[in-house]
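Novice: Keeping their order, the protein sequence lines are chains C and A. Basically the numbering used here = 1-based index in the first sequence + 1. Basically the numbering used here = 1-based index in the second sequence + 1297. This is the structure I have questions about; it appears just below.
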Amino acid sequence: MKLYEHLGKELFARYGITVPAGRVIENAGQAAEAASELGEVVIKSQVLTGKRGKAGGISFASSPEEAEAEAEKIFKMELGGFTADKLLVEEKIQIEQEIYLALTVDGTVRKPVVLASLDGGMDVEDVPEDRMIRWPVDVTVGMQGYMVREICRQMGVKGDLQKEFLKLLPKLYKMFRENDAELAEINPLALTPQGLVAADAKVTIDDDALYRHKELPRIKEKTALELKAEELDLAYVELDGEIAVMANGAGITMATLDMVQHYGGSPANFLDFGGGANIEKTSQALELLLGTNPKVLLINIFGGITRCDVVAEAFVRVRESKGIDLPVSFRLVGTNEAEGREILEKVGIKAFNSMDEAVSHAVELLNAS
Amino acid sequence: MSIYINDKTRVLVQGITGNQGSFHTGQMLKYGTNIVGGVSPGKGGQEVEGVPVYNTVFEAVENEQAEASILFIPAPFAKDAALEALAAGIKILVLIPEHIPLQDAMDIMAQAKRHEAVVVGPNTFGLVSSGACKIGIMPNQYFVPGPVGVVSRSGTLCYEIVGHLTESKIGTTTVVGLGGDRVVGLDFIDVLEQFEKDPETKTVVLVGEIGGSAEEEAAAYIKSSMSKPVVAYLAGKSAPPGKRMGHAGAIIERGRGTFESKVEALNAAGVDVADLPGKVPELVKTKLA
């Protein structure tokens, strides 16, 4: 779960990381109030999309009137498909240098990794590899001073700035670990006459650990369908094709989409309804798919922990209660296959044995529709 | 021969009294796995499928000399159970659960390294040395002995491919599921090293997917250090960038982890990449011939 900038900064502040003085506002009038307290300000749209600045979601103002006018504009702005409910109004800080600093998880070494570069401010993907210092941290040791000194040496940082890093990095690491962050990125980390200030905050919390962070708000910047899928605990991604796809397992669902494309069709979605789903959950997954008005429905089941009879039963149930009037291509093998096929045959559907047959049949159905 | 586990391996089931735990204990016993005990705090003294249940892993290891353990424990409690197994001396730890928090997974891997133990998963179907020992949840009938080693990031897709091999009368030595999470124990290179050393394994099948750089790293290893032929299948050719395709690791981010980059790296290492799962057996046959 990505946190809005102001929430990330609240977390930073709680761990003693310096952030600019600021106010979160919900209407343009409050921008004027904030500016009269803070003086020259920067006004930032609180949306999750990257490239917010380039799209016009960040503005500057030197008077309360100007702040109100700018805030009004930003409130109306659609950024990445969403308009902001809140803006962050902050004191304008004096930036001498922009630095990049982040903690994330490196799957290759199975450790948190510090990413640091003196080329801050720009898109991180534009920073040359040799200008980005990477330092994996052993979780049994934690963030120690020697690591920070070594990171500084590699960056070419000395003196007072190194002292600032020695204070900052252990705080960022503590925040990262204690809040189950997947990413804690400060870009830019601003060097000001008062020291290092986190001018931005990108914090992503591990969805699998949200259950132990009741104090964090739940952010739902998603389409209605994606929200529904999340509620049902389904892995769902909207795509722009015509064949609705449902399969069990992330890898095989991806392979099914690839095969749809291979045979000349186009998938409408990615839907992995997971392993071992019961009739209820399987029916809900099917209903969600039918709600997207696809032209053809393709179901690919290789039952291991998932039982074929459960999937067939759910299909028949939804067919009876909601009506399924679009063409269907079904593949059904594995655990309780015979029982599953029998259930489908009663409603006149003959399931395929192989994924190839089922997918190419789905594409034929699409071409015939 | 096989890698990691064999018919002598003494296996423990943590969470044996739960639905999944008891069901898969039965399935593993049917396959021939030497399950010597189960653990379920507070349920010590019971039996599941004729297997004695203990209250702690230490107790089970003392009484049954267990060497390997498979976890059927809900994700929020998995770290505690995994650390218990490692502390009690378990050397092969299979983590079935999905949704284990990332920070917990990193803590588990750090301890496993200290204890010099092998961790498979999390979010895996486990591993099987065909015909000898299954520590996992995969359907029994597809895993028959033969000359091919298989290593995969995904579960059902791996069954699909092993199913195609079985249909073509090609069996397997050992099949390992690495798990779909961002932080997992064994990686492609660990398993490829073992297959390279295993005299029974003649050819290796690698089942990968988009996201991360594991396939590229595997390709570099194959190029520098492997003499045995490798065939691959990769999922996610049609996946759009920036979207997480089910697995936590299956996402193209910042232009990295694309299908094309993986195919290119594997081809450069002399690995043939099948364009459909059903084409894997043909490619394997050319290598075995």
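Backbone N, C-alpha and C fix where the C-beta goes; we use that ideal spot for every residue, glycine too.
#1: Are the C-beta atoms of Met260 of chain C and some chain A residue less than 8 Å apart?
#2: If you check the beta carbons only, do Ala251 of chain C and Met1435 of chain A fall under 8 Å apart?
#3: Does DSSP classify Thr293 of chain C as helix, strand or coil?
#4: Does Ala1378 of chain A pass the burial test, meaning 16 or more other C-beta atoms within 10 Å, or should it be called exposed?
#5: Can you give me the Cβ contacts of Pro1526 of chain A inside the same chain, cut-off strictly under 7 Å, excluding the 5 residues immediately before and after it?
#6: DSSP has Arg1588 of chain A in a bridge; who is on the other side?
#7: Given Gln285 of chain C, which residues of its chain have a CB within under 6 Å of its CB, disregarding the five upstream and five downstream residues?
#8: Would you mind sorting Leu228 of chain C into buried or exposed? The rule is 16 or more other CB atoms within 10 Å of its CB.
#9: Under the rule that 16 or more other beta-carbon atoms within 10 Å means buried, what is Tyr1518 of chain A, buried or exposed?
#10: Would you mind sorting Glu71 of chain C into buried or exposed? The rule is 16 or more other CB atoms within 10 Å of its CB.
#11: Going along the chain, which residues of its own chain have a beta-carbon closer than 8 Å to the beta-carbon of Val110 of chain C, five neighbours each way excluded?
#12: Taking the continuous beta strand (DSSP E) assigned at Ser60 of chain C, which residues delimit it?
#13: With 8 Å as the threshold, decide whether the Cβ of Tyr1301 of chain A is near any Cβ in chain C.
#14: Name the chain A residues that come within less than 9 Å of Phe271 of chain C, Cβ to Cβ?
#15: Between the Cα of Ile1467 of chain A and the Cα atoms of A:Pro1338, A:Ile1302, A:Val1336 and A:Val1577, which residue gives the shortest distance?
#16: Do three or more CB pairs link the region 59-71 of chain C to the region 28-37 of chain C at distances below 8 Å?
#17: If we require 3 or more residues per run, which beta strand (DSSP E) segments fall completely within the region 1392-1443 of chain A?
#18: Could you list the residues in the region 1398-1428 of chain A with a C-beta less than 8 Å from some C-beta on chain C, going in chain order?
#19: Does the beta carbon of Val1441 of chain A come closer than 8 Å to any beta carbon on chain C?
#20: Taking CB distances under 8 Å as the criterion, tell me whether Ile1389 of chain A reaches chain C.
#21: Is there a Cβ of chain A sitting closer than 8 Å to that of Tyr212 of chain C, yes or no?
#22: How would you write the range of the alpha helix (DSSP H) that Leu226 of chain C sits in, first residue to last?
#23: Taking C-beta to C-beta, are Leu1424 of chain A and Ile1507 of chain A nearer than 8 Å?
#24: Quick check: what's the CA-CA separation for Tyr237 of chain C versus Leu1380 of chain A?
#25: Cβ of Lys1388 of chain A within 8 Å of Cβ of Glu1364 of chain A?
#26: If you count every other CB in all the chains shown that lies within 10 Å of the CB of Thr84 of chain C, and 16 or more means buried, which is it?
#27: Quick check for students: name the residue ranges of the alpha helix (DSSP H) that lie wholly in the region 1299-1373 of chain A, counting only runs of 4 or more.
#28: Which residue from C:Thr307, C:Met133 and C:Lys112 puts its Cα closest to that of Asp120 of chain C?
#29: Compare the C-beta of Leu1454 of chain A against all C-beta atoms of chain C and say whether one is closer than 8 Å.
#30: Do three or more CB pairs link the region 347-356 of chain C to the region 1323-1339 of chain A at distances below 8 Å?
#31: Thinking C-alpha only, which one of C:Glu183, C:Val115 and C:Thr141 is nearest Met156 of chain C?
#32: Helix, strand or coil for Asp107 of chain C per DSSP?
#33: To the nearest angstrom, how far is the alpha carbon of Leu298 of chain C from that of Ala245 of chain C?
#34: What's the call for Gln47 of chain C, buried or exposed, on a 16-neighbour Cβ count within 10 Å?
#35: Please list the partners that Val1480 of chain A has in chain C, where partner means a Cβ-to-Cβ separation under 9 Å.
#36: Assign Tyr147 of chain C to buried or exposed, taking buried as 16 or more other Cβ atoms, counted over all protein chains shown, within 10 Å of its Cβ.
Specialist: Taking the geometry as given:
#1: yes
#2: no
#3: coil
#4: buried
#5: Thr1500 and Lys1584
#6: What the structure shows of chain A is the stretch from 1298 to 1586, and residue 1588 of chain A is not part of that stretch, so it cannot be assessed.
#7: Leu233
#8: exposed
#9: buried
#10: buried
#11: Pro137
#12: Ile59 to Ala62
#13: no
#14: Ala1536, Lys1540, Met1542 and Gly1543
#15: A:Val1577
#16: yes
#17: 1415-1417, 1423-1426 and 1430-1433
#18: Pro1398, Leu1399, Gln1400, Asp1401, Ala1402, Met1403, Asp1404, Met1406, Ala1407, Gln1408, Arg1411 and Phe1422
#19: no
#20: no
#21: yes
#22: Ala225 to Glu232
#23: no
#24: 33 Å
#25: yes
#26: exposed
#27: 1316-1328 and 1354-1361
#28: C:Met133
#29: yes
#30: no
#31: C:Val115
#32: strand
#33: 5 Å
#34: buried
#35: Val106, Asp107, Gly108, Arg111 and Lys112
#36: exposed
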